[in-house]
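Heads up, the thing below is written out as structure tokens.
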Amino acid sequence: MPEVRNDVRVRFAPSPTGYLHVGGARTALFNWLYARQTGGKFILRIEDTDTQRSSDEMVRGILEGMEWLGLDYDEGPFFQSDNADKHRAAAQQLLASGAAYRDFTPKQERNDATIKQDIAKERVVNPFRDLPVLESDARAANGEPFVIRFKVPTEGKTQFEDAVFGAQERDYHDIEDLVLLRSDGHPLYNLSVVCDDIAMGITHVIRGQDHLSNTHKQVLIYQALGAKVPVFAHLPLILAPNKGKLSKRKHGEIVSVTTYRERGFLPDAFVNFLALLGWAPQEGAAAKDQEIFSRDELIKLFRLEGIHKSNAVFNFTEGDARNWTDQKALWMNFEYLKTWPLEKVLPYAKAELQSAGLWKDEYESERRGWYEHVIGLLRERARTIKDFSAHGRPYFVDGLDFEFDPEAVKKNLSKDPALKELLPGLAEAFVPLTEFTHESAEAALRAFAEARGVKAGLLINATRTALTGQAVGPSLFELVVAIGQQRAVERLRHTASLV
RNA sequence: GGCGCGUUGGUGUAAUUGGUUAACACGCCGCCCUCUCAAGGCGGAGAGUACGGGUUCGAUCCCCGUACGCGCUACCA
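Counting in numbering that gives the first Met the number 0, the first sequence runs from 0 upward without gaps.
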């Protein structure tokens with residue numbers, strides 16, 4: 000059983016330099032699952048110290064993404080930039096204790112393209128590292144600009160136990176004297192995270208693996224500040240199909256959580272998919288084959304030990320309209336739409352119909368039975384929530400206010416000129432039916448087909464297209480009843496012109 | 001360049017921490033069902049576990065090396 004310890008405090012700390020992307024969403028999810036399982040607190044902190052690249056709009060995007068995913072936080076959102084004074088104070092404290100020093104080296108403009116080679120050559124001992132305190136103070140008092148650097152010890156190594164990657168150690172020699180405070184007094188990432196995590200009492204830092212090597216520096220800062228080092232758990236990265244980085248620039252909207260909401264994903268399905276990217280339940284050999292997990296199940300089964308070490312590929316093909324994202328994600332969404340209790344799907348269907356201008360309040364009162372039946376019919380073939388309006392339109396409008404798919408018309412209507420006369424004929428065969436049911440409609444159609452010496456299949460497919468404009472859909476007699484006798488008759492009469 | 005992390009079918013993951021014909025799901029192919037498309041049922045192709053060495057009676061699993069990928073290495077986060 001999971002350890003219940005309500006002293007757990009975890010956080011999701013995105014930098015608002017872009018919308019909430021799938022990698023960030025998964026990090027948030029894992030933190031949330033851990034907090035919910037242990038009864039601890041989940042805190043949201045926006046790391047906006049890079050003011051150049053942060054914006055309110057991005058912050059909103061992240062908040063909306065979290066809300067859509069249903070990842071509610073107990074504290075926050077806090078903004079890291081609000082704590083800059085505290086970070087500066089911490090830097091001063093480190094300076095005073097001798098754990099950091101002033102570096103008066105003039106600022107160098109870095110060239111992004113050659114930065115790595117440049118730095119590789121530069122690894123020499125900083126000449127200001129051992130500047131006498133008095134001289135350092137004097138130069139600072141004199142107004143000379145400086146950065147504050149952490150003074151990494153020369154002999155020894157840092158070590159910590161990562162909950163995912165295991166024991167980690169790194170030689171001090173391989174850690175540079177990182178900058179804590181810029182010459183303009185602006186605190187930098189490694190200082191800020193540590194200060195905030197200490198201040199917020201974070202017990203478990205669950206974040207992307209891209210921070211694994213940074214962690215050694217942070218451990219050093221924790222120790223110099225005399226704070227308790229939290230548990231670290233680094234998550235494998237989510238990669239693009241070419242195993243490269245999944246980036247906003249290269250991969251566009253597919254990496255944005257917003258896209259999944261807009262394109263008709265059920266948040267629970269997306270969460271389920273995300274949970275299985277880099278994690279698998281540890282318990283019960285029989286249960287290992289399970290793929291569909293409710294939120295409650297995920298909360299119950301989640302373990303840091305179940306997190307994978309290797310990166311996962313987010314598999315999609317660019318430019319494929321039908322399979323616009325990972326096919327397993329799409330499948331999972333479909334699976335949820337199809338198998339979830341109808342009541343849980345209904346609110347999403349309603350919202351979709353409302354935004355498509357197809358909603359009527361009577362669907363929740365006098366026509367409720369009919370409406371729910373139609374949604375039930377549609378969900379069997381709906382890959383996304385969008386299909387409730389796209390495929391559903393002919394059910395919800397009167398007349399012919401829906402699209403006729405040219406391919407469907409060609410395949411089912413114009414292929415046989417006789418339909419021009421057969422369809423209105425069929426309409427008249429439907430007219431006298433006093434009870435319009437699956438059985439009576441089918442009997443009428445089959446009798447009509449036989450009387451006219453045509454195959455029932457011809458009429459069935461033609462009727463489907465005549466009533467919905469589509470070549471695919473539910474069984475015709477389900478369909479005909481759902482559309483209703485009157486509308487079915489009208490449409491059969493009128494669409495003869497399309498033959 | 002340095003340091004670190006990783007590597008099971010196309011993708012996501014399993015494999016009682018050395019003993020399986022290497023399993024499941026997505027995707028793909030075929031058959032059945034059928035009024036279409038799905039769904040569903042049944043079956044199939046697809047990895048000998050990156051590669052090369054060890055250790056062992058026996059390695060996906062332990063050790064070493066190589067390759068490849070990724071991350072960090074900024075007065076970015």
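Using N, Cα and C, we set each Cβ at its ideal position, and we do this for glycine too.
Bear in mind the structure is a predicted one, so any value in this text is a computation, not a measurement.
Legend entry - Residues near residue 297 by beta carbon distance below 7 Å, same chain, minus five either side: Position 298 of the first sequence, counted from the start, is the residue given in the question as residue 297. Closer than 7 Å at the Cβ level, and outside the excluded window around residue 297, lie 32 and 274.
Inset, instruction - Taking the CB atoms as reference points, tell me whether residue 408 and residue 497 lie closer together than 7 Å. - result: Residue 408 sits at position 409 when you count from the first residue of the first sequence. Residue 497 sits at position 498 when you count from the first residue of the first sequence. Taking 7 Å as the Cβ cut-off, residue 408 and residue 497 qualify as a contacting pair.
Legend entry - residue 390, DSSP secondary structure in three states: Numbered from its first residue, the first sequence carries residue 390 at position 391. Residue 390 falls in the coil class under three-state DSSP.
Inset, instruction - Find out if the Cβ-Cβ distance for the pair residue 156, residue 170 is shorter than 7 Å. - result: Numbered from its first residue, the first sequence carries residue 156 at position 157. Numbered from its first residue, the first sequence carries residue 170 at position 171. Yes, these two residues count as a Cβ contact at 7 Å.
Legend entry - CA-to-CA distance, residue 290 to residue 327, given in whole angstroms: For the purposes of this step, residue 327 is taken as residue 328 along the first sequence, with counting starting at 1. For the purposes of this step, residue 290 is taken as residue 291 along the first sequence, with counting starting at 1. In a straight line, the C-alpha of residue 327 is about 11 Å away from that of residue 290.
Inset, instruction - Inspect the beta-carbon positions of residue 495 and residue 422 and report whether they are closer than 7 Å. - result: To locate residue 495, count along the first sequence from 1; it is residue 496. To locate residue 422, count along the first sequence from 1; it is residue 423. Closer than 7 Å, so yes.
Inset, instruction - Name, in chain order, the residues that DSSP records as bridge partners for residue 312. - result: For this step, residue 312 is matched to residue 313 along the first sequence. The partner list for residue 312 (beta bridge, DSSP) reads 238.
Inset, instruction - Report the three-state DSSP secondary structure of residue 44 (helix, strand or coil). - result: For this step, residue 44 is matched to residue 45 along the first sequence. If DSSP states are grouped into helix, strand and coil, residue 44 belongs with the strands.
Inset, instruction - Kindly give me the distance between the Cβ atoms of residue 387 and residue 440, rounded to whole angstroms, as I take these residues to be in contact under 8 Å. - result: Within the first sequence, numbered from 1, the residue matching residue 387 stands at position 388. Within the first sequence, numbered from 1, the residue matching residue 440 stands at position 441. Rounded, the Cβ-Cβ distance is 24 Å, inconsistent with contact.
Inset, instruction - My understanding is that residue 466 touches residue 393, with C-beta atoms under 8 Å, so please give their C-beta distance in whole angstroms. - result: In the first sequence, residue 466 corresponds to position 467, counting from 1. In the first sequence, residue 393 corresponds to position 394, counting from 1. Between residue 393 and residue 466 the Cβ distance is about 6 Å, and since that is below 8 Å, they are a contact.
Inset, instruction - Taking only the alpha-carbon atoms, compute the straight-line gap between residue 30 and residue 479 and give it to the nearest angstrom. - result: By one-based count along the first sequence, residue 30 stands at place 31. By one-based count along the first sequence, residue 479 stands at place 480. If I take the Cα positions, the gap works out to 49 Å.
Inset, instruction - Report all residues from its chain with a CB closer than 8 Å to the CB of residue 42; omit the five preceding and five following residues, and keep chain order. - result: Here residue 42 corresponds to residue number 43 of the first sequence, with the count starting at 1. Around residue 42, the same chain offers 8, 9, 10, 11, 72, 73, 74, 75, 77, 199 and 201 as residues with beta carbons nearer than 8 Å, after the five sequence neighbours per side are excluded.
Legend entry - Length of the line joining the Cα atoms of residue 37 and residue 244: Translated into positions along the first sequence, residue 37 becomes position 38. Translated into positions along the first sequence, residue 244 becomes position 245. Going by the C-alpha atoms only, they are around 32 Å apart.
Inset, instruction - Taking residue 268 as the reference, give the member of 317, 325 and 301 with the closest Cα. - result: Start at 1 with the first residue of the first sequence, and residue 268 comes out as number 269. With distances taken between Cα atoms, residue 268 lies closest to 325.
Inset, instruction - Give every residue of the same chain whose Cβ lies closer than 8 Å to the Cβ of residue 284, excluding the five residues on either side of it in the sequence, and list them in chain order. - result: Counted from its first residue, the first sequence places residue 284 at position 285. Confidence in residue 284 is poor, its pLDDT being 44 and thus under 50, which makes the residue's placement unreliable; the coordinate value appears in the next sentence. Within the same chain, and ignoring the five residues on either side of residue 284 in sequence, no residue has its Cβ closer than 8 Å to its Cβ.
Legend entry - Spatially closest choice to residue 342 from 372, 358, 357 and 354, by CA coordinates: For this step, residue 342 is matched to residue 343 along the first sequence. The option with the nearest alpha carbon to residue 342 is 372.
Legend entry - Alpha carbon of residue 315 to alpha carbon of residue 242, nearest angstrom: Within the first sequence, residue 315 is the residue found at index 316, counting from 1. Within the first sequence, residue 242 is the residue found at index 243, counting from 1. Approximately 12 Å between the Cα atoms of the pair.
Inset, instruction - Given a cut-off of 7 Å, decide if residue 382 and residue 429 are closer than it, judged by their beta-carbon atoms. - result: As a working mapping, residue 429 is identified with position 430 in the first sequence. As a working mapping, residue 382 is identified with position 383 in the first sequence. Not a contact, by the Cβ cut-off of 7 Å.
Inset, instruction - Check whether the region 60-69 touches the region 15-23, counting contact only when three or more Cβ pairs, one atom from each stretch, lie closer than 8 Å. - result: yes
Inset, instruction - Compute the distance between the beta-carbons of residue 254 and residue 159, then report whether it is under 7 Å. - result: Translated into positions along the first sequence, residue 254 becomes position 255. Translated into positions along the first sequence, residue 159 becomes position 160. Not in contact: residue 254 and residue 159 (Cβ atoms no closer than 7 Å).
Inset, instruction - With a 10 Å radius around its C-beta and 16 neighbouring C-beta atoms as the bar for buried, classify residue 416 as buried or exposed. - result: Here residue 416 is taken as the residue at index 417 of the first sequence, counted from 1. That one is exposed.
Inset, instruction - With a threshold of 16 other CB atoms inside 10 Å of the CB of residue 518, please say whether the residue is buried or exposed. - result: Nothing about residue 518 can be read from this structure; the chain reaches only from 0 to 498.
Legend entry - Neighbour-count burial assignment, residue 248, 16 or more Cβ in a 10 Å radius: Position 249 of the first sequence, counted from the start, is the residue given in the question as residue 248. Residue 248 should be labelled exposed.
Inset, instruction - Round the Cβ separation of residue 203 and residue 229 to the nearest angstrom and send it over; I've been treating them as touching at under 8 Å. - result: Working through the first sequence from its first residue, we reach residue 203 at position 204. Working through the first sequence from its first residue, we reach residue 229 at position 230. 6 Å between Cβ atoms; contact.
Legend entry - Boundaries (first-last residue) of the beta strand (DSSP E) holding residue 504: In the structure as shown, the chain starts at 0 and stops at 498, and residue 504 therefore has no counterpart that could be examined.
Inset, instruction - Would you mind stating whether residue 455 and residue 464 have Cβ atoms separated by less than 7 Å? - result: Here residue 455 refers to the residue found at position 456 when the first sequence is read from its first residue. Here residue 464 refers to the residue found at position 465 when the first sequence is read from its first residue. No, Cβ-Cβ distance for residue 455 and residue 464 is not below 7 Å.
Legend entry - Spatial distance of residue 360 from residue 411 (CA atoms): Translated into the one-based positions of the first sequence, residue 360 becomes position 361. Translated into the one-based positions of the first sequence, residue 411 becomes position 412. Near 34 Å, if we compare the C-alpha coordinates of residue 411 and residue 360.
Legend entry - Helix, strand or coil at residue 478 according to DSSP, with G and I counted as helix: Counting from one through the first sequence, the residue named residue 478 turns up at place 479. The answer is helix: DSSP assigns residue 478 an H, G or I state.
Legend entry - Integer-rounded CB distance, given that residue 189 should sit under 8 Å from residue 216: Sequence index remark: in the first sequence, residue 216 carries index 217 (1-based). Sequence index remark: in the first sequence, residue 189 carries index 190 (1-based). With a Cβ gap of about 5 Å, residue 216 and residue 189 count as contacting.
Legend entry - Continuous alpha helix (DSSP H) stretch holding residue 60: start and end: One-based indexing of the first sequence puts residue 60 at position 61. That run of the alpha helix (DSSP H) goes 55-68.
Inset, instruction - Just tell me which of 91, 390, 125 and 358 has its CA closest to the CA of residue 105. - result: For the purposes of this step, residue 105 is identified with residue 106 of the first sequence, where counting begins at 1. Cα-wise, what sits closest to residue 105 is 125.
Legend entry - Buried or exposed by the 16-neighbour rule on C-beta atoms within 10 Å, applied to residue 70: For the purposes of this step, residue 70 is taken as residue 71 along the first sequence, with counting starting at 1. Around the Cβ of residue 70, a 10 Å sphere holds 16 or more other Cβ atoms; the residue is buried.
Inset, instruction - Indicate whether residue 178 and residue 146 have their beta-carbon atoms separated by less than 7 Å. - result: As a position in the first sequence, residue 178 is number 179, starting the count at 1. As a position in the first sequence, residue 146 is number 147, starting the count at 1. Yes, these two residues count as a Cβ contact at 7 Å.
Inset, instruction - Count the other CB atoms, across all protein chains shown, that sit within 10 Å of the CB of residue 48; report buried if there are 16 or more and exposed otherwise. - result: Working through the first sequence from its first residue, we reach residue 48 at position 49. Answer is buried; the Cβ neighbour count reaches 16.
Legend entry - Candidates 27, 310 and 15, of which the one nearest residue 55 by Cα: Counting from one through the first sequence, the residue named residue 55 turns up at place 56. Of the candidates 27, 310 and 15, the one whose C-alpha sits nearest the C-alpha of residue 55 is 15.
Legend entry - C-alpha gap between residue 163 and residue 224, whole angstroms: As a first step, residue 163 is located in the first sequence; it is residue number 164 there, counting from the start. As a first step, residue 224 is located in the first sequence; it is residue number 225 there, counting from the start. Going by the C-alpha atoms only, they are around 26 Å apart.
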